[in-house]
Amino acid sequence: MKAILSIATFLVVSGCSSLGVQPWERDVLARPEMSLDANALDAAIDDHIYFSKEASSGGRGFGGGGCGCN
Amino acid sequence: MKDKPNLNAAIAAATCALLGTSAAADAATEKERWSFDSSLLYYGESDSRVQDISAAILAQRDFDDERKLSLNLTADTLTGASASGATELNRPQTFTSPSGKAIYNTPAGAVPLDDTFKDTRFALSGSWTQPLARLYTFSGGLGFSTEYDYTHLGANTSLARDFNKRNTTLSIGVAYSQDDIKPVGGAPIPFAQMQDVGNLTNKRGDDSKDVLDLLFGVTQVLGRNTVLRVNYSYSDSSGYLNDPYKLLSVVDPVTGDTVARVAAGGQGPNGVYRYESRPDSRTKQGIYAELKHAFGAPVMQLSYRFMTDDWGIDSNTLEAKLRWPLGADNFIEPQLRYYTQSEADFYRSSLVAGQALPEYASADFRLGNFDAVTVGMKFGHRTEAGNEWSTRLEYYQQSGDVPRDQVIGNQANREQYPDLSAVIVQFGYRFGL
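As given, the protein sequences belong to chains A and B, one line each in that order. Here the first sequence is numbered in the working numbering, starting from -9 and rising by one per residue. Here the second sequence is numbered in the working numbering, starting from -15 and rising by one per residue.
Written out as structure tokens, the structure is:
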């Protein structure tokens, strides 16, 4: 498991090293709406609704509490 | 000489910038250390099924050195009816309520709904995030939720490391939760038959389940306007995984009608119904990818999720949002989501009388084969003070079907899978203190 993780980490990090921007090119990425967690509350609400109505759930991050939803 | 004050100011600004102590920025963070995102939501299903009013608040406080506290409080009030799993018949049906103290009826030609459903749920979660060493970020959180028949307690932690001038972030997270289930009237014994009012021999005490989640994530800046996140998730649940309120009709092998039963004094079911039986473990795996791209001012968010589990359910989810500014202070955001899942290996629309019981069976429609579409629109307005109002309107529609080989006799002429539609209205207000 440790070896697989190390190899995966190496591949991702080395494979991605040609991608990305310089620190002074982060103007657009720094806009609040470009954050991957820009709408954390909406995401939590949606996850909770779909968790109650569908068989699959999660994947984005850790949920905000269980539920015996019917 | 005329330029001297400007030069001094420039030197002072440069010094501050180098020391990382911009006076203006400090004043701003002092002013806005707490930020709140609040929401009031109405969720309503058609045909007087589940109605939910939910209030939520997410409070975040930033501390120095990029340390952050996050608290989320949610309160839900649920009422309405929920499809029980029993099949539709052309005669009225009578059921014993989950408490075992009363009966409820379903008219002929209607999908049986359990309308004894009422609940209030409170959920509280909190997390703490802080840097650890130069390129590492640690996060730890706790979650708690409670409702009449269910209590959840969970903890999670994650560690992230930045690479490539912070263009790549790798993260690993673990979460564990312990849920206690105290069904109204007790947890039914799997496959036990529904009994007359007052007879609780088919029920036993409370039960519990444990869930372990693992998450591996990569976030990658792809360019000046684009960022990508990919997660692999693994989830292992064990313990009581049944829905204590779900039923299966026991049907005649030729007509497909529920086998009739005579209740003592009419105080019990007029057909044979059994409670469901699911495996006591479930392993899920998923891949989630999310892309954000700015086309100038508009921002598009695209996400895709594939999930598979050892119950035989595979699902695909595609979601798209496009945030489109209208002037400097307003935006609209159309949202579209498509979801499709295959049924669990043990999904059965009914049990056949005279046949041996399978090892597991459930007629819960959420374990069936269905597609769902959500169409929505969000409108947001930023106030002069920098706070934000928003309204979101969504329509959710599920439509599914029962495998053809499970449709017996008269069932072919009736609604086999109760399609569901719901309206979601949400008001949000985001502000800082």
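C-beta: ideal position from N, C-alpha, C; glycine also.
Methionine 178 (chain B) classed as buried or exposed, judged by whether at least 16 other C-beta atoms fall within 10 angstroms = Taking the second sequence and counting its residues from 1, the one referred to as residue 178 (chain B) is at position 194. Counting the other Cβ atoms within 10 Å of the Cβ of methionine 178 (chain B) gives 16 or more, which makes it buried.
Beta-carbon spacing of phenylalanine 175 (chain B), arginine 414 (chain B) below 8 Å = Locating residue 175 (chain B) in the second sequence gives position 191, where the first residue counts as 1. Locating residue 414 (chain B) in the second sequence gives position 430, where the first residue counts as 1. Taking 8 Å as the cut-off, the beta carbon of phenylalanine 175 (chain B) is found no closer than this to the beta carbon of arginine 414 (chain B).
Cβ-Cβ separation, serine 129 (chain B) to arginine 105 (chain B) (assumed contact under 8 Å), whole Å = Against the second sequence, residue 105 (chain B) aligns to sequence position 121. Against the second sequence, residue 129 (chain B) aligns to sequence position 145. Rounded to whole angstroms, the Cβ separation of arginine 105 (chain B) and serine 129 (chain B) is 6 Å, and the two are in contact under 8 Å.
Can you pull the DSSP bridge partners for threonine 141 (chain B)?
-> Your numbering for residue 141 (chain B) matches position 157 in the second sequence. Paired residue(s): B:Gly124, B:Val158.
Taking a cut of 8 Å between CB atoms, which residues from the stretch 245 to 278 of chain B lie near chain A?
-> The stretch 245 to 278 of chain B vs chain A, Cβ under 8 Å: Lys268, Gly270, Ile271, Tyr272, Glu274, Lys276, Ala278.
Cα-Cα separation, leucine 184 (chain B) to serine 23 (chain B) = To locate residue 184 (chain B), count along the second sequence from 1; it is residue 200. To locate residue 23 (chain B), count along the second sequence from 1; it is residue 39. In a straight line, the C-alpha of leucine 184 (chain B) is about 42 Å away from that of serine 23 (chain B).
Rounded to a whole number of angstroms, what is the C-alpha to C-alpha distance between glycine 311 (chain B) and arginine 350 (chain B)?
-> Within the second sequence, numbered from 1, the residue matching residue 311 (chain B) stands at position 327. Within the second sequence, numbered from 1, the residue matching residue 350 (chain B) stands at position 366. Near 42 Å, if we compare the C-alpha coordinates of arginine 350 (chain B) and glycine 311 (chain B).
Determine, using beta carbons only, whether leucine 417 (chain B) comes closer than 8 Å to chain A.
-> To locate residue 417 (chain B), count along the second sequence from 1; it is residue 433. For leucine 417 (chain B), no CB of chain A lies under 8 Å from its own CB, so it is not counted at the interface with that chain.
Can you give me the Cβ contacts of aspartate 329 (chain B) inside the same chain, cut-off strictly under 7 Å, excluding the 5 residues immediately before and after it?
-> What you label residue 329 (chain B) is simply residue 345 of the second sequence in a count that begins at 1. Counting only residues of its own chain and dropping the five nearest sequence neighbours on each side, aspartate 329 (chain B) has a CB closer than 7 Å to the CB of Trp295, Gly296.
Name, please, each residue of chain B whose Cβ falls closer than 9 Å to the Cβ of phenylalanine 41 (chain A).
-> Here residue 41 (chain A) is taken as the residue at index 51 of the first sequence, counted from 1. Residues of chain B whose Cβ lies closer than 9 Å to the Cβ of phenylalanine 41 (chain A) do not exist, since the nearest Cβ in that chain is about 10 Å away.
Where leucine 320 (chain B) falls, given that 16 or more other Cβ within 10 Å makes a residue buried = Position 336 of the second sequence, counted from the first residue, corresponds to residue 320 (chain B). Around the C-beta of leucine 320 (chain B), fewer than 16 other C-beta atoms lie within 10 Å, and the residue is accordingly described as exposed.
Should glutamine 12 (chain A) be labelled buried (16 or more other beta-carbon atoms within 10 Å of its own) or exposed?
-> In the first sequence, residue 12 (chain A) corresponds to position 22, counting from 1. With fewer than 16 other Cβ atoms within 10 Å, it is exposed.
Return the first residue and the last residue of the alpha helix (DSSP H) that leucine 31 (chain A) is part of.
-> Indexing the first sequence from 1 puts residue 31 (chain A) at position 41. 30 to 43 is the extent of the alpha helix (DSSP H) around leucine 31 (chain A).
Is serine 333 (chain B) near glutamine 400 (chain B), with beta carbons less than 8 Å apart?
-> Stepping through the second sequence from its first residue, residue 333 (chain B) is reached at position 349. Stepping through the second sequence from its first residue, residue 400 (chain B) is reached at position 416. Yes.
Cα-Cα, which of B:Val95, B:Gly138, B:Leu206 is closest to aspartate 466 (chain B)?
-> Shown here, chain B extends from -15 to 417; a query on residue 466 (chain B) therefore has no answer.
Could one say the Cβ of alanine 8 (chain B) lies closer than 8 Å to chain A's Cβ atoms, at least one of them?
-> For the purposes of this step, residue 8 (chain B) is taken as residue 24 along the second sequence, with counting starting at 1. Residue confidence for alanine 8 (chain B) is low, a pLDDT of 45 falling below 50, so the modelled location carries little weight; the figure read from the coordinates is stated next. Alanine 8 (chain B) does not count as touching chain A.
Histidine 38 (chain A) to leucine 57 (chain B) span [Cα, whole Å] | Along the first sequence, read from residue 1 onward, the residue named residue 38 (chain A) stands at position 48. Along the second sequence, read from residue 1 onward, the residue named residue 57 (chain B) stands at position 73. Cα-Cα distance, rounded: 13 Å.
Residues of chain A with a CB under 7 Å from the CB of alanine 340 (chain B): which are they?
-> Your numbering for residue 340 (chain B) matches position 356 in the second sequence. None at all; the shortest Cβ gap to chain A is about 26 Å.
Which residues mark the beginning and the end of the beta strand (DSSP E) in which threonine 439 (chain B) is found?
-> Residue 439 (chain B) lies beyond the residue range present for chain B, which begins at -15 and ends at 417; the question has no answer from this structure.
How long is the line joining the alpha carbons of leucine 404 (chain B) and aspartate 31 (chain B), rounded to whole angstroms?
-> Along the second sequence, read from residue 1 onward, the residue named residue 404 (chain B) stands at position 420. Along the second sequence, read from residue 1 onward, the residue named residue 31 (chain B) stands at position 47. Each residue's Cα considered, the two are about 9 Å apart.
Residue-level contact to chain B via CB, asparagine 60 (chain A), 8 Å cutoff | In the first sequence, the residue the question calls residue 60 (chain A) occupies position 70. Low local confidence applies: a pLDDT of 48 at asparagine 60 (chain A) is under 50, so the model's placement there is unreliable, with the coordinate-based value given in what follows. So, interface residue.
Tyrosine 380 (chain B) classed as buried or exposed, judged by whether at least 16 other C-beta atoms fall within 10 angstroms = In the second sequence, counting from the first residue as 1, residue 380 (chain B) sits at position 396. Answer is buried; the Cβ neighbour count reaches 16.
Alanine 406 (chain B) versus A:Pro22, A:Tyr40, A:Ala30, A:Gly49, residue with shortest Cα-Cα distance = One-based indexing of the second sequence puts residue 406 (chain B) at position 422. Just measuring C-alpha positions, the residue of A:Pro22, A:Tyr40, A:Ala30, A:Gly49 sitting nearest alanine 406 (chain B) is A:Tyr40.
With DSSP collapsed to three states, give me the class of glutamine 35 (chain B).
-> Here residue 35 (chain B) refers to the residue found at position 51 when the second sequence is read from its first residue. Residue state for glutamine 35 (chain B) is assigned as strand, using DSSP reduced to three classes.
Apart from the five residues just before and just after arginine 188 (chain B), which ones in its own chain have a Cβ nearer than 7 Å to its Cβ?
-> In the second sequence, the residue the question calls residue 188 (chain B) occupies position 204. Excluding positions up to five away in sequence, the list reads Gly170, Ala171, Ile173.
Using a cut-off of 9 Å between C-beta atoms, extract the partners of methionine 291 (chain B) located in chain A.
-> The residue labelled residue 291 (chain B) in the question sits at position 307 within the second sequence. Result: Ala45, Ser46, Ser47, Gly48, Gly49.
Beta-carbon contacts of glutamine 395 (chain B) that lie in its chain and below 6 Å, excluding the five residues immediately before and after | Translated into positions along the second sequence, residue 395 (chain B) becomes position 411. The residues are Gly240.
Same chain, Cβ closer than 7 Å to alanine 86 (chain B), neighbours up to 5 away in sequence not counted = Along the second sequence, read from residue 1 onward, the residue named residue 86 (chain B) stands at position 102. Residues of the same chain with a CB within less than 7 Å of the CB of alanine 86 (chain B), apart from the 5 flanking positions on each side, are Val181 in chain order.
First and last residue of the beta strand (DSSP E) that includes isoleucine 173 (chain B)?
-> Along the second sequence, one-based indexing puts residue 173 (chain B) at 189. Per DSSP, isoleucine 173 (chain B) lies in no beta strand (DSSP E) segment and is marked neither H nor E.
Residues of chain A with a CB under 7 Å from the CB of glutamine 325 (chain B): which are they?
-> Position 341 of the second sequence holds residue 325 (chain B). Result: Glu44, Ala45, Ser46.
Cβ of proline 253 (chain B) within 8 Å of Cβ of threonine 80 (chain B)?
-> Position 269 of the second sequence, counted from the first residue, corresponds to residue 253 (chain B). Position 96 of the second sequence, counted from the first residue, corresponds to residue 80 (chain B). In contact: proline 253 (chain B) and threonine 80 (chain B) (Cβ atoms closer than 8 Å).
Give the secondary structure of tryptophan 14 (chain A) by DSSP, where H, G and I count as helix, E and B as strand, and everything else as coil.
-> Your numbering for residue 14 (chain A) matches position 24 in the first sequence. Here tryptophan 14 (chain A) sits in helix by DSSP.
To the nearest angstrom, report how far apart threonine 210 (chain B) and arginine 150 (chain B) are at their CA atoms.
-> Within the second sequence, residue 210 (chain B) is the residue found at index 226, counting from 1. Within the second sequence, residue 150 (chain B) is the residue found at index 166, counting from 1. Threonine 210 (chain B) and arginine 150 (chain B) have their C-alpha atoms spaced approximately 14 Å apart.
If you draw a straight line from the C-alpha of proline 167 (chain B) to the C-alpha of aspartate 190 (chain B), how long is it?
-> Locating residue 167 (chain B) in the second sequence gives position 183, where the first residue counts as 1. Locating residue 190 (chain B) in the second sequence gives position 206, where the first residue counts as 1. Note on geometry: alpha-carbon atoms of proline 167 (chain B) and aspartate 190 (chain B) lie some 7 Å from one another.
Identity of the residues DSSP links to threonine 130 (chain B) by a beta bridge = Mapped onto the second sequence, residue 130 (chain B) falls at position 146. Beta-bridge pairing by DSSP links threonine 130 (chain B) to B:Phe106, B:Thr135.
Separation of aspartate 99 (chain B) from glycine 416 (chain B), as counted between CA atoms | Here the question's residue 416 (chain B) lines up with position 432 in the second sequence. Here the question's residue 99 (chain B) lines up with position 115 in the second sequence. Annotation: glycine 416 (chain B) to aspartate 99 (chain B) spans about 42 Å, alpha carbon to alpha carbon.
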